[in-house]
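A.B. asks: Numbering (our numbering), first residue to last: 3 to 94.
Can you keep this structure in mind? I'll have questions shortly.
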Amino acid sequence: RLDSWDEFFKAERWYAAFEKNGLDPAFYANRTRPYDEVMPWDHIDYMVSKAFLIRENEKAHAGIPTPPCREKCSGCGANKCLGRACFPEVTA
Numbered sequence: 003r004l005d006s007w008d009e010f011f012k013a014e015r016w017y018a019a020f021e022k023n024g025l026d027p028a029f030y031a032n033r034t035r036p037y038d039e040v041m042p043w044d045h046i047d048y049m050v051s052k053a054f055l056i057r058e059n060e061k062a063h064a065g066i067p068t069p070p071c072r073e074k075c076s077g078c079g080a081n082k083c084l085g086r087a088c089f090p091e092v093t094a
C-alpha cells in the first residue's frame, strides 16, 4: 500500500508550484463539479459508463452502498467491453 509513503512528499513545493502558475488548488479539489464537465480522466477507457459513475456519485452522497460485483451486478457497463458477464455466476 502506498497510502502512507510521505517521507518524500513536500506539500510546500506543491503549493509554491500552484502559486507560481496562478492556480488555486481548492478550485480543483474542493468544488462540486457538474456532471457534464469534462473530467481529466474522461479520455481513458476504464470499461465503466459515465452514467454508472454519476449514479454511484449520487448514491454515495445519499449514503446508499453498492453491493460487491460478485454478489450483484450493478450495471456498470464493463460487461459490454468484456463481451460477457464480469462474473458469470452472478445475475443482475
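In this text, a Cβ means the ideal position worked out from N, Cα and C, and glycines have one as well.
Quick caveat: nothing in here was measured; it's all calculated off a predicted structure.
Run through DSSP, which three-state label would Cys-83 get?
C.D. replies: The answer is helix: DSSP assigns Cys-83 an H, G or I state.
A.B. asks: Three-state secondary structure (DSSP) at Arg-72?
C.D. replies: Arg-72: coil per DSSP, three-state reduction.
A.B. asks: Quick one, are the C-beta atoms of Cys-71 and Val-50 less than 8 angstroms apart?
C.D. replies: Going by C-beta atoms, Cys-71 is not nearer than 8 angstroms to Val-50.
A.B. asks: Please go through the same chain and pick out, in chain order, the residues whose beta-carbon is closer than 7 angstroms to the beta-carbon of Phe-89, but skip the five residues on each side of it.
C.D. replies: Around Phe-89: Cys-71 and Arg-72.
A.B. asks: Between Ala-18 and Pro-27, what straight-line distance do the alpha-carbon atoms span, to the nearest angstrom?
C.D. replies: So the two alpha carbons sit approximately 11 angstroms from each other.
A.B. asks: Lys-74 to Arg-15, Cα distance in whole Å?
C.D. replies: About 45 angstroms.
A.B. asks: If you draw a straight line from the C-alpha of Arg-33 to the C-alpha of Val-40, how long is it?
C.D. replies: Approximately 14 angstroms between the Cα atoms of the pair.
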